[in-house]
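To start, the structure itself, in structure tokens.
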Amino acid sequence: MDVDEYCERLAPGLWGEPLNAVSNAAFLIASGLLVARLVRRGERRPVAWALPVTLGVVGLCSLAFHTVADTVTGALDSLSILVFILVAVVILARWGFGVRAGRAWLAAPAFVVAAVAVDVALAAVAGAGATLGGYLPALLGLLGFAVALRSPTLGVATAVFAVSLTARTLDAPLCDTWPAGTHFLWHCLNAVVLALVALVTDRLVAPSGSRPPVTVDAP
Numbered sequence: 671m672d673v674d675e676y677c678e679r680l681a682p683g684l685w686g687e688p689l690n691a692v693s694n695a696a697f698l699i700a701s702g703l704l705v706a707r708l709v710r711r712g713e714r715r716p717v718a719w720a721l722p723v724t725l726g727v728v729g730l731c732s733l734a735f736h737t738v739a740d741t742v743t744g745a746l747d748s749l750s751i752l753v754f755i756l757v758a759v760v761i762l763a764r765w766g767f768g769v770r771a772g773r774a775w776l777a778a779p780a781f782v783v784a785a786v787a788v789d790v791a792l793a794a795v796a797g798a799g800a801t802l803g804g805y806l807p808a809l810l811g812l813l814g815f816a817v818a819l820r821s822p823t824l825g826v827a828t829a830v831f832a833v834s835l836t837a838r839t840l841d842a843p844l845c846d847t848w849p850a851g852t853h854f855l856w857h858c859l860n861a862v863v864l865a866l867v868a869l870v871t872d873r874l875v876a877p878s879g880s881r882p883p884v885t886v887d888a889p
């Protein structure tokens, strides 16, 4: 993997991307706060722990990628994000729309198929090098869930993700004028996005006595 894939990295080495590496603390902090919430509640069900734990894994995999920066850590970084997305899609389908457990898992491959279709269409329109290709399906999917579930929290997550994706996209174009790059903002903002998604799913799957009284994501 090229050592200069991101603006900040100009040479090999564990600290070739200090901001990109340290900013992964945002994922770990968000994960820790969500886990602490579950501990206080005495939560034992795996479904409730899935996204908070995966959020921490995303931070660790991204940290590995932005320090070691090789093909393996790059694959782990991408895989961890994909796992988070697919788990979230299944949970939202199951508890947000009331899809039966035996069928809810089909939401994961359905999302993958839809994502590939969007990527192919984007590549055809904007060229194979389109920088939004990998994440535009996630943005559209998040917007779709926000609207379908009438969730203000997911709406906020969608808006933050749009800004986050913009920061990621501008990393290379702004490299000459901003040598530190903007990828670290992608980490910080994405930690907020994933935490909000995890918070919504937690409210959906929480025991009835712990759920908010009006909407699934009311304060």
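With my numbering applied, the sequence shown corresponds to residues 671 to 889, in that order. Just so you know, even glycine gets a beta-carbon here, dropped at the ideal spot from N, CA and C.
Annotation: the continuous alpha helix (DSSP H) that includes D747 extends over T741 to I761.
In its chain, beyond the 5 residues on either side, D841, A842, L844, C845, W848, P849, A850, G851, T852 and H853 have a beta carbon closer than 8 Å to the beta carbon of C677. When the Cα atoms are used, V875 and A837 turn out to be separated by approximately 32 Å. In the three-state reduction of the DSSP assignment, A850 falls in the coil class, being assigned neither a helical nor a strand state. Judged by DSSP secondary structure, W765 falls outside any alpha helix (DSSP H); it is assigned neither H nor E. The C-alpha of P877 is placed about 22 Å away from the C-alpha of R773. F815 places its beta carbon 7 Å or farther from that of L806. Apart from the 5 residues on each side of it in sequence, A785 sits with its Cβ closer than 7 Å to the Cβ of P807 in its chain, given in chain order. The straight-line gap separating the alpha-carbon atoms of L730 and R714 is approximately 23 Å. DSSP places N690 within a helical segment (H, G or I) once states are collapsed to three. Collapsing the DSSP output to three states places S834 in a helix. Excluding its 5 nearest sequence neighbours in each direction, N690 has C-beta neighbours in its own chain below 8 Å: Y676, E678, R679, H736, G851, H853, F854 and H857, listed in chain order.
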